[in-house]
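Number of protein chains: 2
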Amino acid sequence: MTIEQYSLKDDEKRVKIFKALAELKRIEMIRYLHHHRDNNTCGSIGESMAMDKSNVSYHLKILYEADLVSVTRIGQNKNSQLREDTFAELLPGFLDRL
Amino acid sequence: MTIEQYSLKDDEKRVKIFKALAELKRIEMIRYLHHHRDNNTCGSIGESMAMDKSNVSYHLKILYEADLVSVTRIGQNKNSQLREDTFAELLPGFLDRL
DNA sequence: ATTATAATTTGAAAGTTTTAGAACTGTCTG
DNA sequence: CAGACAGTTCTAAAACTTTCAAATTATAAT
């Protein structure tokens, strides 16, 4: 007897990650974060990438909720960084090719 | 002098693949195709998965256009199979975990 | 406390994707 | 060739996502 269980929750997690990656601007933001390891505040990302800061915040939230990005607060700034652990586990090689 | 070129076309290709994967029904279809290697016609998939045949056709097209699925015609049927080459190259381990 | 700065949330509009039924196309069988 | 069957395309509605500006929240400096 084999137990094979396909869980909706796992599939929803997969979908959440792929949805987060399924947007040109978010791919560009991931590349930006991969290359700029500090000063990744909402504001500086927005300025560098010519995006509205509320829009940067919106996209970062989607990346955060997919566990692709983590955040550290420094005073009134928030620094975002890629979660290399998630990329390594779920998308090995992806960042290297990006 | 280093040449680093980020091409919009490559990013659009990435987005196309992730978009194809960013849907619960398509994840389920991929799992179905992974487990059912023959009799993967539009009709049989639709029947097994309780989906309208036009909707199956729609989703298969998206998977096909992302190079995640290939198609072989047999008479008036069309068999879909996963493109293991694409999965192996871009998403190593994904199918094993699915 | 007040003011300044950074980030987030909200709300409305624009854009995109998904769905299902009907119409259509292509292939096979008698 | 006509009828049956498989798959695709079209259409319109519903659902969902993205954008931007304005309002709000949070933290810091004076």
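These protein sequences, in sequence, are chains A and B. With the UniProt record's numbering applied, the first sequence covers 1 to 98. With the UniProt record's numbering applied, the second sequence covers 1 to 98. The C-beta atom is built at its ideal place from N, Cα and C for all residues, glycine as well.
Judging by CA-CA distance, which residue of the options is the nearest neighbour of residue i?
i	options	result
D11 (chain A)	B:D38, B:D52, B:M49 and B:E28	B:E28
Y64 (chain A)	A:C42, A:E47 and A:S48	A:C42
A66 (chain B)	B:G46, B:F87 and B:R37	B:F87
Y32 (chain B)	B:L8, B:I45, B:A20 and B:P92	B:I45
D38 (chain A)	A:P92, A:S7, A:S80 and A:L8	A:S80
L95 (chain B)	A:L95, A:L91 and A:K78	A:L91
N40 (chain A)	A:E89, A:L8 and A:L60	A:L60
E84 (chain B)	B:N77, B:R26 and B:G93	B:G93
L8 (chain A)	B:S7, B:S48 and B:R26	B:R26
Mind pulling the chain B residues with CB within less than 7 Å of residue i?
i	result
L21 (chain A)	F18
I27 (chain A)	D11, R14 and V15
Since residue i contacts residue j with CB under 8 Å, what's their CB separation in whole angstroms?
i	j	result
L82 (chain A)	I30 (chain A)	7 Å
L24 (chain A)	V69 (chain B)	Rounded, the Cβ-Cβ distance is 23 Å, inconsistent with contact.
H34 (chain B)	L98 (chain B)	6 Å
K19 (chain B)	A22 (chain A)	4 Å
In terms of residues, what are the limits of the alpha helix (DSSP H) holding residue i?
i	result
S44 (chain B)	C42 to M49
S70 (chain B)	Unbroken run through S70 (chain B) is the beta strand (DSSP E), V69 to I74; no alpha helix (DSSP H).
E23 (chain A)	Neither: E23 (chain A) is in no alpha helix (DSSP H) and is coded neither H nor E.
H36 (chain B)	Careful: H36 (chain B) lies outside any alpha helix (DSSP H) and carries neither H nor E.
Y58 (chain A)	K53 to E65
L95 (chain A)	F94 to R97
Please list, in chain order, the chain A residues whose beta carbon lies closer than 9 Å to that of residue i.
i	result
L24 (chain B)	L8, D11, E12, R14 and V15
For the beta strand (DSSP E) holding residue i, just list the boundary residues, first then last.
i	result
S80 (chain A)	N77 to L82
Can you name the residues of chain B whose CB is closer than 8 Å to the CB of residue i?
i	result
T31 (chain A)	In the sequence under discussion, the amino acid at residue 31 (chain A) is Arg, which differs from the Thr named in the question. Those are Y6, listed as they occur along chain B.
Touching by the beta-carbon criterion (3+ pairs, under 8 Å), the segment 64–73 of chain A and the segment 47–54 of chain A:
no
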